[in-house]
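First the structure, in the form of structure tokens, and then the observations on it.
Residue numbers (our numbering): 189 to 654.
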């Protein structure tokens with residue numbers, strides 16, 4: 189066995205380190221011709237030209253599309269956290285782990301939580317490997333170094349954001365050094381937030397304003413700003429959240445897509461970042477996962493709670509919800525992505541960030557700052573696209589409730605937005621107690637995988653309730 193892998197065997201997250209190291213070495217295998225010295229960082233050897241770095245980034249984006257928390261398949265957050273909250277329901281057996289999420293009966297020994305943990309830290313390891321390798325590289329130009337570093341800082345913060353939302357206090361990993369990581373401990377949320385802001389600020393400064401592919405397959409400066417505005421919003425730092433959101437809305441050149449049936453198309457004017465498909469003609473994992481082709485459905489479908497939340501006349505109910513009927517019943521499903529077959533060329537891509545979120549962040553931040561008229565301007569821009577009448581001026585709590593309602597409808601079945609919004613609002617127990625019979629207040633966090641606690645007691649104690 190390679191001696192570097194032997195060292196990682198003893199690290200506290202050994203399952204993740206083994207997986208990540210193997211993948212990283214495999215991605216760079218053509219550039220490695222000799223065994224590495226035991227005291228040398230992998231990145232120092234492999235990142236002497238941009239093709240080496242691009243190979244690892246390509247692996248990161250494949251993971252995001254196929255296996256990590258962002259995948260549109262059933263093991264991604266759009267499905268799992270839709271089931272965990274009140275957006276999706278189940279009828280049949282579902283995929284592995286689906287019922288545990290739907291019933292809020294997760295176990296620390298379950299495979300779904302372990303998969304979310306492993307794939308996330310694997311991505312973080314790769315981002316850290318890029319940062320370390322790029323810094324010491326003598327073969328990359330300064331412009332290349334800055335772009336690669338900015339992208340890696342963003343990926344690191346992006347993944348830690350979701351880990352923190354799902355598991356609570358988690359290690360914020362900033363190194364590939366086994367000597368550091370074998371003593372890793374859980375960072376509190378304040379520390380995680382601080383480190384995310386540092387990483388995202390660096391990413392925003394280093395990344396270009398746009399990427400050359402023209403299809404937004406790679407995060408740029410505006411994507412970093414988009415996540416930074418969300419982080420500030422979740423922190424309750426209203427002014428900074430507003431500053432980032434308004435900068436995007438006013439200066440980025442992106443604009444709201446006015447036709448609802450074009451929002452999730454490949455050329456949408458509001459898409460900030462989307463994932464490329466594996467080949468031309470293949471469309472999104474979301475369409476393959478969510479669209480029900482025969483009744484009764486074997487997987488998830490839209491809950492009555494969500495369907496009842498649409499206002500009368502909301503065009504999103506028509507454009508973004510599909511249906512299929514059996515002998516005696518009709519089931520409804522997310523239909524934001526419509527193409528679940530191969531087409532002559534790819535027409536839809538999985539979208540991770542879009543401009544609409546910034547309008548609703550600006551609306552919420554304005555309301556929290558007492559600027560109700562401006563808050564409603566942003567809110568009503570989103571409502572107008574959906575064919576809804578504007579919300580009239582009202583008290584702060586009424587405006588915030590209207591923003592919450594808009595977020596629920598606008599972002600249903602997208603990356604766990606509903607669950608995270610309920611958590612940060614403090615209303616999660618009140619709301620889910622009504623629709624989830626097995627809901628418990630401790631369900632706001634997923635369990636830390638038991639194997640991780642065994643391998644590294646520094647991660648103890650387990651989250652409450654498990």
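The beta carbon of each residue, even a glycine, is placed where N, CA and C say it ideally should be.
Because the structure is a prediction, the values reported are computed rather than measured.
One Cα belongs to residue 361, the other to residue 247, and the distance between them is close to 19 Å.
From the listed residues 651, 404 and 520, the smallest Cα separation to residue 510 is found for 520. Note that the C-beta distance between residue 473 and residue 394 is not below 8 Å. If the five residues before and after residue 492 are omitted, its C-beta is found closer than 8 Å to the C-beta atoms of 277, all from its own chain and listed in chain order. For residue 510, the beta-bridge partners assigned by DSSP are 521. When DSSP assignments are scanned along the segment 437-486, the uninterrupted stretches of alpha helix (DSSP H) that are 4 or more residues long and fall wholly within it turn out to be 473-478. Within 10 angstroms of the beta-carbon of residue 436 lie 16 or more other beta-carbons, which makes it buried. Looking at 253, 322 and 560, the one whose alpha-carbon comes closest to that of residue 462 is 253.
The continuous alpha helix (DSSP H) containing residue 595 extends over residues 584-598.
Ranked by how close their Cα comes to the Cα of residue 584, the residues 555, 541, 562 and 564 have 555 in first place. By DSSP's assignment, residue 255 forms no beta bridge with any residue. Residue pairing by DSSP places residue 375 opposite 358 in a beta bridge. With distances taken between CA atoms, residue 383 lies nearest to 342 out of 342, 544, 409 and 596.
Beyond the five residues adjoining it in sequence on each side, residue 527 comes within less than 8 Å, by CB distance, of 471, 472, 475, 535 and 536 in the same chain, given in chain order. Excluding five sequence positions before and after residue 332, the CB atoms of its chain that fall closer than 6 Å to its own CB belong to 238, given in chain order. The Cβ-Cβ distance between residue 378 and residue 546 does not fall below 8 Å. Looking at the DSSP output, residue 542 shares a beta bridge with 459. Inter-residue distance for residue 633 and residue 296 is about 11 Å (C-alpha atoms, whole angstroms).
Contact check for residue 575 and residue 501: beta-carbon distance about 6 Å, within the 8 Å limit, so the pair qualifies. In the three-state reduction of the DSSP assignment, residue 293 falls in the coil class, being assigned neither a helical nor a strand state. Under the 8 Å Cβ criterion, the segment 336-356 counts as touching the segment 384-391, having at least three qualifying pairs. Only residues of its own chain outside the window of five on either side were considered, and among them 338, 341, 342 and 412 have a CB closer than 6 Å to the CB of residue 391, listed in chain order. Residue 302 counts as buried, since at least 16 other C-beta atoms from the protein chains shown sit within 10 angstroms of its C-beta. When DSSP states are grouped into helix, strand and coil, residue 493 belongs to the helix group. For residue 423, same chain residues with a beta-carbon under 6 Å away, outside a window of 5 residues either side, are 381 in chain order. With a threshold of 16 other beta carbon atoms within 10 Å, residue 598 meets it and is buried. The closest CA to that of residue 544, considering only 456, 622 and 616, is found on 456. By the neighbour-count criterion, in which a residue is buried when 16 or more other Cβ atoms sit within 10 angstroms of its Cβ, residue 578 is exposed. By the Cβ-count criterion, residue 532 is exposed, with fewer than 16 other Cβ atoms from all chains shown falling within 10 Å of its own Cβ. Rounded to whole angstroms, the gap between the alpha carbons of residue 614 and residue 243 is 42 Å. Taking C-beta separations shorter than 7 Å and ignoring five residues to either side along the sequence, the partners of residue 264 in its chain run 257 and 258, following chain order. Taking each of 442, 365, 293 and 304 in turn and checking the Cα distance to residue 403, the smallest one comes out for 442.
The residues 358, 377 and 380, in chain order, have a CB closer than 7 Å to that of residue 352 in the same chain once the five nearest residues on each side in sequence are set aside. In the structure shown, residue 388 adopts helical secondary structure according to DSSP, grouped into three states.
In the same chain as residue 619, and ignoring 5 residues on each side of it, the C-beta atoms closer than 8 Å to its own belong to 274 and 610, in chain order.
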